[in-house]
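Residue numbers (this note's numbering): 3 to 132.
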């Protein structure tokens, strides 16, 4: 598994991102980065297109984070970020920030509707209610 350091500026957002990031959602991610630093991984493709982590990418530079450690994988292993040096209070805050910021995001229903017209199979099984 190769590791590389990229610049935040080397990455670019997925123009077909189906999450709509509002100011509360992005603000919470920004607050988390400032308070406890980066902890969650993102996912990019071979060309630096962000597949997961678009909202985090939006605020990395303003939080003073300019480098991205890229770990190449084929999806047959779980890539985990191990954070060191956090106090117990920071660990609790990190977990709360992570869950709350995800909760504040919303789906871009217009983009999803267009996507549904183009590729219904890709959404199969994602919204089944029990």
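Backbone N, C-alpha and C define an ideal beta-carbon position, used for all residues, glycine too.
Roughly how far, in whole angstroms, is the beta-carbon of residue 72 from the beta-carbon of residue 6, given that I think they are within contact range, below 8 Å?
5 Å
If residue 63 sits next to residue 10, beta carbons under 8 Å apart, how far is it from one beta carbon to the other, in whole angstroms?
5 Å
Spell out the partners DSSP gives residue 6 in its beta bridges.
72
Secondary structure of residue 88, DSSP reduced to three states:
coil
Rounded separation between residue 40 and residue 65 - CA only
10 Å
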